[in-house]
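Enquirer: Below is a structure I'd like to ask you about.
Protein chains: 2
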Amino acid sequence: MKLSDIGEFGLIERFAPLFKHLIPEGLEGIGDDCAIIPINAEESLVITTDLLVEDVHFLKEHILPRELGWKSLAVSLSDIASMGATPVGSFLSIALPENIPVAWTDEFFNGYHDLSSKESTPLLGGDTTKSPDKIVVNVTVVGKILNKYIKRRSGAKPGDLIAVTGYLGDSAAGLKLILLDMAKEGVSSALARSHHMPVPHIKEGKWLSSLAEVHAMMDVSDGISSDLDHIMKASNCHAEVWLEKLPVSDHLTKVSLENGWDIYSLATGGGEDYVLLLTIDKNMEQEIKNEFFKLFGKELYIIGEVKEGLPCVDWMLNDEKVDLCKGFNHFG
Amino acid sequence: MKLSDIGEFGLIERFAPLFKHLIPEGLEGIGDDCAIIPINAEESLVITTDLLVEDVHFLKEHILPRELGWKSLAVSLSDIASMGATPVGSFLSIALPENIPVAWTDEFFNGYHDLSSKESTPLLGGDTTKSPDKIVVNVTVVGKILNKYIKRRSGAKPGDLIAVTGYLGDSAAGLKLILLDMAKEGVSSALARSHHMPVPHIKEGKWLSSLAEVHAMMDVSDGISSDLDHIMKASNCHAEVWLEKLPVSDHLTKVSLENGWDIYSLATGGGEDYVLLLTIDKNMEQEIKNEFFKLFGKELYIIGEVKEGLPCVDWMLNDEKVDLCKGFNHFG
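Quick mapping for you: the protein sequence lines, in order, are chains A and B. Numbered according to the numbering used here, the first sequence spans residues 1 to 332. Numbered according to the numbering used here, the second sequence spans residues 1001 to 1332.
This is the structure we're talking about:
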């Protein structure tokens, strides 16, 4: 049996139970966006780590080194945002081929520094080494949070509304355009930028985490069809998502129409949007939406509802249940 | 200019200063074995991360997966030991080719689990992904320590004695034997084991860190010629090392004589011994050595002395200064 027969989740299921007995009470390990280490009666540290491998997560000829530096930190900061935490510092391990130009590494670190500065997150350590061929980057980020504000995947309740903090599908469309070598200018290059330089929703996460009426939260890394499934499984609830309510940008609509792409498939399954996916108390919908708009100058998008029932997701289009796997192209 | 023109330390010198302004007071970043994050008036967390890349740090055909799992955690735990801290948990990122047998990954995780159990260190999170070809492993370990016990590289004082907590050179000899395909049995296989399954000196580090008379400490990862240099630069002191006092195992002596290897070169420059290198108050030498022997059933080896002067190391053999770079083979 090969690794490809069991996949990433199969692998995790094989080894994670081995280690459970070692976790002392109070600590939380594998299962949420970050591990949680309590440091005193009021506060915890949250920690996450992400690995990016050339030709798996990025193509060197398609991404600028400055973009890769930014993105390497962004994907981990997004996990910190999803817990509602404030970043404390990052750790960067990087393996580089010896023949890589120093100008490339300078630009990589400039990009890493751009986002470090933007989010006041110091680089506190790491490891640098040569690589036989591919570039490999691993970033660990530590964050801090008041225990009472921690949002977990397991907090969703029947009756909650499901919300996201930004557009879905731009990153996936950007990747398609990059791979087709169509991301040179205008709308296409803006979508490519969503893919290469995602902006983690740290401030949004911090504010949302301070609200008792926000019950569950995670970041959209794999696409909501997979990520929402994680929340439903952790919370043992059922979800109904209204596809016509998914927030999609004009850019995404335009390129999808031009190219005949399935916009719902991109918005639900594409992933790497790094917006926040959350559930909120239905009775507070208007207050939270109004305050969110006032604070961040953008909408908090309501995309569905949590129900009692089996831990999976029903995808509805204009009140009719649809099969996401079959694909469709009803948009516009 | 290529990366190979400036090397790993050249790279670090290029980017580390960029980030200094982001580090808030109280936090310590790049420069010691671990970063230090204070969590309250008495305690800090220490964090370290290490990247292992196939064909750079290990050869898949020469190391058992169970050994690689053990070693991946051991190298980071050794950094925790060098600060005198107690491990809290680890984070493992691993990139694997899709065609790797599941039996291989099972054994890797068994080895990782063996050491996790031995040191009561839970696996708290990580990332798994496919790799186009090489295996890549990154491990981050978090530890906890009382602030008053933290030992830094910068604490050495003129007059201190320099000590190590175990044999030097076994790992380097083991690697040579492995590469020569001579590590199949007996003495050779024991040396290979030192290379593949180093045992981090966590308990020794914790006890030593509790002594005010231990002034500086780090782990031996690159070899004492490089590592001691780091301590001298951080402490702005000069060191004199007595080569005839370096602790070398009977195994190392035997294979070095048999193969005509330079035993001092292996013991000073080989690296990956993962013992602790420390400086202690000369007046407490006997008390510390006696207590160390009582607690751990082995000797604390005194190998030299810290002096005033330029931050570099004089290598002495029977009171005569020698040039390590020239090589020699006086042992035995």
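A virtual CB, placed ideally from N, CA and C, is assigned to each residue, including glycine. Remember, predicted model here, so these are calculated numbers, not experimental data.
Are E1412 of chain B and S4 of chain A closer than 7 Å when you measure CB to CB?
Expert: Given that chain B is displayed from residue 1001 to residue 1332, the structure contains no residue 1412 of chain B and the question cannot be resolved.
Enquirer: Distance check for I1037 of chain B and P1017 of chain B, CA to CA, integer angstroms please.
Expert: Stepping through the second sequence from its first residue, residue 1017 of chain B is reached at position 17. Stepping through the second sequence from its first residue, residue 1037 of chain B is reached at position 37. Their Cα atoms are separated by approximately 19 Å.
Enquirer: Would M1217 of chain B and L1278 of chain B be called neighbours here (beta carbons separated by less than 7 Å)?
Expert: Residue 1217 of chain B sits at position 217 when you count from the first residue of the second sequence. Residue 1278 of chain B sits at position 278 when you count from the first residue of the second sequence. Contact: yes.
Enquirer: On the three-state DSSP scale, how would you describe P87 of chain A?
Expert: Residue mapping note: residue 87 of chain A aligns to position 87 of the first sequence, counting from 1. In the structure shown, P87 of chain A sits in a strand (DSSP, three-state: E or B).
Enquirer: Just to confirm my understanding: we take S971 of chain B, look at its own chain, exclude 5 residues before and 5 after, and list those with CB closer than 6 Å. What are they?
Expert: As shown, chain B starts at 1001 and ends at 1332. That puts residue 971 of chain B outside it, with no answer to give.
Enquirer: With a cut-off of 7 Å, does the C-beta of S1221 of chain B fall near any C-beta of chain A?
Expert: In the second sequence, residue 1221 of chain B corresponds to position 221, counting from 1. S1221 of chain B does not count as touching chain A.
Enquirer: Below 8 Å on C-beta distance, what does R1014 of chain B contact in chain A?
Expert: Mapped onto the second sequence, residue 1014 of chain B falls at position 14. In chain order: V102, T105, D106 and F109.
Enquirer: In three-state DSSP terms, what is V255 of chain A?
Expert: In the first sequence, the residue the question calls residue 255 of chain A occupies position 255. It is helical.
Enquirer: Tell me the DSSP secondary structure of K206 of chain A in three-state form.
Expert: For the purposes of this step, residue 206 of chain A is taken as the residue at position 206 of the first sequence. Three-state DSSP puts K206 of chain A in a helix.
Enquirer: Do S1093 of chain B and G1125 of chain B count as a contact pair if the criterion is CB distance below 7 Å?
Expert: Within the second sequence, the letter at position 125 stands for residue 1125 of chain B. Within the second sequence, the letter at position 93 stands for residue 1093 of chain B. Their beta carbons are not under 7 Å apart, which means G1125 of chain B does not touch S1093 of chain B by this criterion.
Enquirer: CA-CA distance, K151 of chain A and I1135 of chain B?
Expert: Your numbering for residue 151 of chain A matches position 151 in the first sequence. Your numbering for residue 1135 of chain B matches position 135 in the second sequence. Approximately 34 Å, taken between the alpha carbons.
Enquirer: Should V1306 of chain B and A1190 of chain B be called a contact, given that it needs their Cβ atoms to be closer than 7 Å?
Expert: The count along the second sequence starts at 1 and reaches residue 1306 of chain B at position 306. The count along the second sequence starts at 1 and reaches residue 1190 of chain B at position 190. It is not a contact, given that the beta carbons lie outside the stated cut-off.
Enquirer: Tell me which same chain residues have a C-beta within less than 6 Å of the C-beta of S1154 of chain B, skipping the five on either side of it?
Expert: In the second sequence, counting from the first residue as 1, residue 1154 of chain B sits at position 154. Counting only Cβ-Cβ distances below 6 Å, and skipping sequence neighbours, we find A1234 and S1235.
Enquirer: Can you grab the Cα-Cα spacing for the pair V1322 of chain B / E42 of chain A, in whole Å?
Expert: As a position in the second sequence, residue 1322 of chain B is number 322, starting the count at 1. As a position in the first sequence, residue 42 of chain A is number 42, starting the count at 1. Approximately 57 Å between the Cα atoms of the pair.
Enquirer: From this set, A:L59, A:C237 and A:K176, which residue's C-alpha is nearest L310 of chain A's C-alpha?
Expert: Numbered from 1 along the first sequence, position 310 holds the residue referred to as residue 310 of chain A. Of the candidates A:L59, A:C237 and A:K176, the one whose C-alpha sits nearest the C-alpha of L310 of chain A is A:C237.
Enquirer: Would you mind listing the beta strand (DSSP E) stretches within the region 1208-1243 of chain B that are 3+ residues and don't spill past its ends, in chain order?
Expert: With a minimum length of 3 residues, the continuous beta strand (DSSP E) runs that stay inside the region 1208-1243 of chain B are 1214-1219 and 1238-1242.
Enquirer: For T279 of chain A, name the three-state secondary structure that DSSP assigns.
Expert: Residue mapping note: residue 279 of chain A aligns to position 279 of the first sequence, counting from 1. Note: T279 of chain A maps to strand in three-state DSSP.
Enquirer: Got a sec: is the Cβ-Cβ distance from G271 of chain A to anything in chain B below 7 Å?
Expert: As a first step, residue 271 of chain A is located in the first sequence; it is residue number 271 there, counting from the start. Not one chain B Cβ lies under 7 Å of G271 of chain A.
Enquirer: Which residues share a DSSP beta bridge with V139 of chain A?
Expert: Taking the first sequence and counting its residues from 1, one reaches residue 139 of chain A at position 139. Note: V139 of chain A sits in a beta bridge opposite A:D50 and A:L92.
Enquirer: To the nearest angstrom, how far is the alpha carbon of W207 of chain A from that of A81 of chain A?
Expert: The residue labelled residue 207 of chain A in the question sits at position 207 within the first sequence. The residue labelled residue 81 of chain A in the question sits at position 81 within the first sequence. About 10 Å.
Enquirer: Could you tell me the boundaries of the beta strand (DSSP E) in which G314 of chain A lies?
Expert: By 1-based counting over the first sequence, the position of residue 314 of chain A is 314. Before going on, a small fix: residue 314 of chain A reads as Asp here, not Gly. Unbroken beta strand (DSSP E) run through D314 of chain A: V313 to L317.
Enquirer: With a threshold of 8 Å, are at least 3 pairs of Cβ atoms found where one atom belongs to the region 168-175 of chain A and the other to the region 259-269 of chain A?
Expert: Result yes; three or more Cβ-Cβ pairs closer than 8 Å.
Enquirer: Would you mind stating whether S1116 of chain B and L22 of chain A have Cβ atoms separated by less than 7 Å?
Expert: Position 116 of the second sequence, counted from the start, is the residue given in the question as residue 1116 of chain B. Position 22 of the first sequence, counted from the start, is the residue given in the question as residue 22 of chain A. Contact flag set, yes.
Enquirer: Please report the distance separating the alpha-carbon of N1329 of chain B from that of V141 of chain A.
Expert: In the second sequence, the residue the question calls residue 1329 of chain B occupies position 329. In the first sequence, the residue the question calls residue 141 of chain A occupies position 141. Low confidence applies here, because N1329 of chain B scores a pLDDT of 42, under 50, leaving its location unreliable; read the following figure in that light. If you take the alpha carbons of N1329 of chain B and V141 of chain A, they lie about 47 Å apart.
Enquirer: If the cut is a Cβ gap below 9 Å, which residues of chain B does I263 of chain A touch?
Expert: Within the first sequence, numbered from 1, the residue matching residue 263 of chain A stands at position 263. What I263 of chain A touches in chain B: nothing, since even the nearest Cβ is about 28 Å away.
Enquirer: Kindly identify the DSSP beta-bridge partner or partners of R360 of chain A.
Expert: What the structure shows of chain A is the stretch from 1 to 332, and residue 360 of chain A is not part of that stretch, so it cannot be assessed.
Enquirer: Are any of the Cβ atoms in chain A nearer than 7 Å to that of I1150 of chain B?
Expert: As a position in the second sequence, residue 1150 of chain B is number 150, starting the count at 1. Not one chain A Cβ lies under 7 Å of I1150 of chain B.
Enquirer: List the residues of chain B whose Cβ lies closer than 9 Å to the Cβ of T49 of chain A, in chain order.
Expert: By one-based count along the first sequence, residue 49 of chain A stands at place 49. Those are T1049, F1091, L1092, S1093, G1125, G1126, D1127, N1138 and T1140, listed as they occur along chain B.
Enquirer: Looking only at C-alpha atoms, which of A:M83, A:F108 and A:V88 sits nearest to A95 of chain A?
Expert: For the purposes of this step, residue 95 of chain A is taken as the residue at position 95 of the first sequence. Minimum Cα distance to A95 of chain A is reached at A:F108.
Enquirer: Go to D1262 of chain B, then tell me how far its alpha helix (DSSP H) extends in each direction, as first and last residue.
Expert: Here residue 1262 of chain B is taken as the residue at index 262 of the second sequence, counted from 1. Taken as a continuous stretch (DSSP letters only), D1262 of chain B belongs to no alpha helix (DSSP H), as it is neither H nor E.
Enquirer: Is E1244 of chain B near D1314 of chain B, with beta carbons less than 7 Å apart?
Expert: The residue you call residue 1244 of chain B lines up with position 244 of the second sequence. The residue you call residue 1314 of chain B lines up with position 314 of the second sequence. Not in contact: E1244 of chain B and D1314 of chain B (Cβ atoms no closer than 7 Å).
Enquirer: Cα-Cα, which of B:L1317, B:M1001, B:I1178 and B:H1196 is closest to L1246 of chain B?
Expert: Start at 1 with the first residue of the second sequence, and residue 1246 of chain B comes out as number 246. The shortest C-alpha separation from L1246 of chain B is found at B:L1317.
Enquirer: Taking only the alpha-carbon atoms, compute the straight-line gap between Y149 of chain A and P1122 of chain B and give it to the nearest angstrom.
Expert: As a position in the first sequence, residue 149 of chain A is number 149, starting the count at 1. As a position in the second sequence, residue 1122 of chain B is number 122, starting the count at 1. Between Y149 of chain A and P1122 of chain B, the C-alpha separation is close to 25 Å.
Enquirer: Rounded to a whole number of angstroms, what is the C-alpha to C-alpha distance between I100 of chain A and G1007 of chain B?
Expert: Within the first sequence, numbered from 1, the residue matching residue 100 of chain A stands at position 100. Within the second sequence, numbered from 1, the residue matching residue 1007 of chain B stands at position 7. Using only the alpha carbons, I get a separation of about 11 Å.
Enquirer: I believe I1280 of chain B touches L1161 of chain B by the beta-carbon criterion, under 8 Å. Please report the beta-carbon distance rounded to the nearest angstrom.
Expert: As a working note, residue 1280 of chain B is residue 280 in the second sequence. As a working note, residue 1161 of chain B is residue 161 in the second sequence. Going by Cβ atoms, the distance from I1280 of chain B to L1161 of chain B rounds to 5 Å, so yes, they are a contact pair.
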